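**Student:** Numbering (the numbering used here), first residue to last: 401 to 1165.
No residue lacks a Cβ here, since even glycine has one placed at the ideal position from N, Cα and C.
This structure is a prediction, so every number in the text was calculated from the model and none was measured.
Mind looking over this structure? Questions follow.
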Ligand code: GLN
Ligand code: ZN
């Protein structure tokens, strides 16, 4: 009989209750100077959220609730603690409570002595960040936390059938990092497996029947050595009494299908949205008596499932007639917002087309029922789903003739009129900048005052002219500060923007902003991705007035500041009825028009930020080329409609660029600013291997830290840069926007930065 489950559920709660509870707890800890604050309130909130989320799963008719997906900060960090591999550098003594150690690893120790926070990185191609496990040759493992077992007991006491979830041992090692040279973290596997065995047998003792073992790295190019470690690992893990459901998600298994199907586990979960093409092979190779969990409801997007389509996939020959099929979401619902309930201001038609986590649970229930009892049993739901499909084909598509315009565009749209050398000469003449020109990345500190003005305007508590005046005052303040700092190229400071993507989403047609659509990014931090629901177009200028106002206050050039098409795409929920490349190109045309309007308004330098470009790379390298080709092309469509003497900047951060340097060069921006000051200057190595052709500003100070770098420090960095990049190409700038910083720090750091540029200029002549 067909059963149902989900790989995981969001943790934050409907009103982000976990966020508030965490932040209250952290505040009380830091003001008691690291003393062990009583964590009862936080623990109680965790318990309340788990029980509410299990109740929703049960109500939707799932056959198991999932236990072990909850975390106060991050599920990978839960494993670091459970497996007893907390880094020794924290120097924890046995009397330090588990939760205090946990948050010290996540956020740095509050006593200021014992260790910096562990680093974070993106969870596959999502916007969720996990804490990276640290490994040394001497790393030993032991079962060191009871948390999972007590959560299992909690669920059992509430009367739930429990499926526990663990991050599998191979993925756990793969996703971590070696902290010593010359050793391979895979060599730790033999020491790790006994601890997993012990956990499995403890779960069995607790009466758990199924354990989901997440091994998402099976969807990456992990190579032969890692791939072959799976049979050893699972050979040792089977036979602990519990049944194992091996779960993979986020991409197709591709050439790993045969290996996966040979593993000695009792069930297999696959992502049937992104890995649908694997299904025929899996049906052939995966034994019929074993469980096959088909993740058919998209856990990475927010569109209602097209039930007819989903059911036809499930009814493909050889699938649903198997004795042991489960239906599920493709992956954990962690990556979608909680529920649509709070979206009271949303367009009703759009809302009808969406399903957030809670609504997805119901969809899984409906699919299960259709497979068990036939379509007649869910006729109402099927009808509603068909209406949705109809709605989405309606006037959101082609409403602004965007596609026609794209089809008509000639060959010249994606390159500049003249090669860089010609442009550079014209731009130098026009702007007359000194060597080592100084600039910033866009935003200046977003003070409490700025935020409260924006909020009041949004609430309707402030009229438009007062709002405009307040923002203009902020802009004027930023311009005056830059003037006295002596920077060369100014910015307006972005006070009117809460977020670099949401701001544009609010002004573009075809995109919507949600009210409560929060998704966890890391720890207590959540983001609210906009929804791209139709053809994207620009009803009118978006940034021109603010920029023009800023420019009117100074003789120095003020950079127009835009977010690029790939980043807008990457940080939104995107239509699933159109190719991403096409949606990105629509956005590109809208940005191109904005660029042109800025240019016509006399703005000579325009920056188009693309921090999302690198992270949009597909999980499998075989698909990189195709992605990079269209991503770079849409950037050029956005940026290339300008005169030769208009200077285009771009900015990228949070990522390693070494492997895509030629593609970044193919963007042909006149100037690129990059994050570099934190990455141990890895970036610079990239530049000695690849000669970047245009101008470039590798960040000289880390804006993520309140520390103010000295002049000497920045000079030293610039000198090293000048060793691999020709000094005529170099710009001097921080490595990202300054919105999270305090003005005091910013002024000190920027004045040192300007001084360091002057030192460099002197040394040159
Ligand atoms: N212009 C943006 C800012 O300064 C860029 C932000 C980013 O790269 N993430 O805030
Ligand atoms: Zn940045």
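#1: What is the DSSP secondary structure of residue 927, counted as helix, strand or coil?
#2: Pull up the distance between the alpha-carbon of residue 470 and that of residue 554, whole angstroms please.
#3: Just mark residue 808 as buried or exposed, buried being the case when its beta carbon has 16 or more other beta carbons within 10 Å.
#4: Which of the three DSSP states, helix, strand or coil, is assigned to residue 756?
#5: Going along the chain, which unbroken runs of the alpha helix (DSSP H) with 4 or more residues stay wholly within the stretch 671 to 739?
#6: In the DSSP assignment, find the beta strand (DSSP E) that holds residue 871 and state where it starts and stops.
#7: What are the start and end residues of the alpha helix (DSSP H) that includes residue 986?
#8: Sorted by chain position, which residues of the same chain lie with C-beta nearer than 6 Å to residue 408's C-beta, five sequence neighbours on each side aside?
#9: What does DSSP give as the partner residues of residue 950 in its beta bridges?
#10: If I'm right that residue 894 touches residue 842 with Cβ under 8 Å, what's the distance once you round it to whole angstroms?
#11: Could you tell me which residues DSSP puts in a beta bridge with residue 1131?
#12: With a cut-off of 8 Å on the beta carbons, I'd call residue 703 and residue 976 a contact; round off their distance for me.
#13: Measure the C-alpha to C-alpha separation of residue 708 and residue 778 and round it to an integer number of angstroms.
#14: Closer than 6 Å: is that where the CB of residue 1139 sits relative to any heavy atom of the ligand GLN?
#15: Under a Cβ-count criterion, where at least 16 other Cβ atoms within 10 Å of its own Cβ denotes burial, should residue 1157 be classed as buried or exposed?
#16: For residue 943, is the classification buried or exposed, using 16 other Cβ atoms within 10 angstroms of its Cβ as the cut-off for buried?
#17: Closer than 6 Å to a non-hydrogen atom of the ligand ZN - does that hold for the CB of residue 1011?
#18: Note down the Cα distance separating residue 663 from residue 621, rounded to an integer number of angstroms.
#19: According to DSSP, is residue 958 part of a helix, a strand, or is it coil?
#20: Go through its chain and collect everything with a Cβ distance to residue 1041's Cβ below 7 Å, but skip five positions before and after it.
#21: Is it true that the stretch 569 to 581 meets the stretch 522 to 535, where meeting means three or more beta-carbon pairs spaced less than 8 Å apart?
#22: Answer yes or no: the CB of residue 1215 versus the heavy atoms of the ligand ZN, is any distance below 6 Å?
#23: Along the chain, where does the alpha helix (DSSP H) containing residue 590 start, and where does it finish?
#24: Using the three-state DSSP reduction, which class does residue 503 fall into: helix, strand or coil?
#25: In angstroms, rounded to a whole number, what distance separates the CA positions of residue 671 and residue 715?
#26: Looking only at its own chain, which residues have a Cβ that is under 7 Å from the Cβ of residue 845, when we skip the five neighbours before and after it?
#27: Examine the ligand ZN and report whether any of its heavy atoms sits within less than 6 Å of the Cβ of residue 1136.
#28: With three or more C-beta pairs closer than 8 Å as the rule, is the stretch 536 to 547 touching the stretch 595 to 603?
#29: Please report the Cβ distance between residue 625 and residue 586, rounded to the nearest whole angstrom; I am assuming they are in contact, meaning their Cβ atoms lie under 8 Å.
#30: Is DSSP giving residue 610 helix, strand or coil here?
#31: Counting pairs of beta carbons, one from the stretch 953 to 970 and one from the stretch 880 to 890, are three or more of them closer than 8 Å?
#32: Looking at the unbroken alpha helix (DSSP H) that takes in residue 1098, where does it start and where does it end?
#33: Looking at the structure shown, is residue 803 part of a helix, part of a strand, or coil, going by DSSP?
#34: Alpha carbons only, please: which of 701, 1111, 946 is nearest the one belonging to residue 998?
#35: Would you tell me roughly how many angstroms separate the C-alpha atoms of residue 539 and residue 475, rounded to the nearest one?
#36: Measuring only from the beta carbon, is residue 841 closer than 6 Å to any heavy atom that is part of the ligand NAP?
**Tutor:** In short, the structure shows the following:
#1: strand
#2: 13 Å
#3: exposed
#4: coil
#5: 679 to 685, 707 to 714
#6: Note, residue 871: premise wrong, no beta strand (DSSP E); alpha helix (DSSP H) at 864 to 885.
#7: 980 to 1000
#8: 466, 469, 732, 734
#9: None, per the DSSP bridge assignment.
#10: 6 Å
#11: The partner list for residue 1131 (beta bridge, DSSP) is empty, contrary to what the question assumes.
#12: 5 Å
#13: 11 Å
#14: yes
#15: buried
#16: buried
#17: yes
#18: 18 Å
#19: strand
#20: 992, 995, 996
#21: yes
#22: Since the displayed the chain opens at 401 and closes at 1165, residue 1215 lies outside it and no answer follows.
#23: 589 to 605
#24: helix
#25: 16 Å
#26: 1138, 1139, 1141, 1142, 1143, 1146
#27: yes
#28: yes
#29: 7 Å
#30: strand
#31: yes
#32: Element bounds for residue 1098: not the alpha helix (DSSP H) but the beta strand (DSSP E), 1095 to 1098.
#33: helix
#34: 946
#35: 20 Å
#36: With respect to the ligand NAP, the structure offers nothing, as its ligand set consists of the ligand GLN and the ligand ZN.
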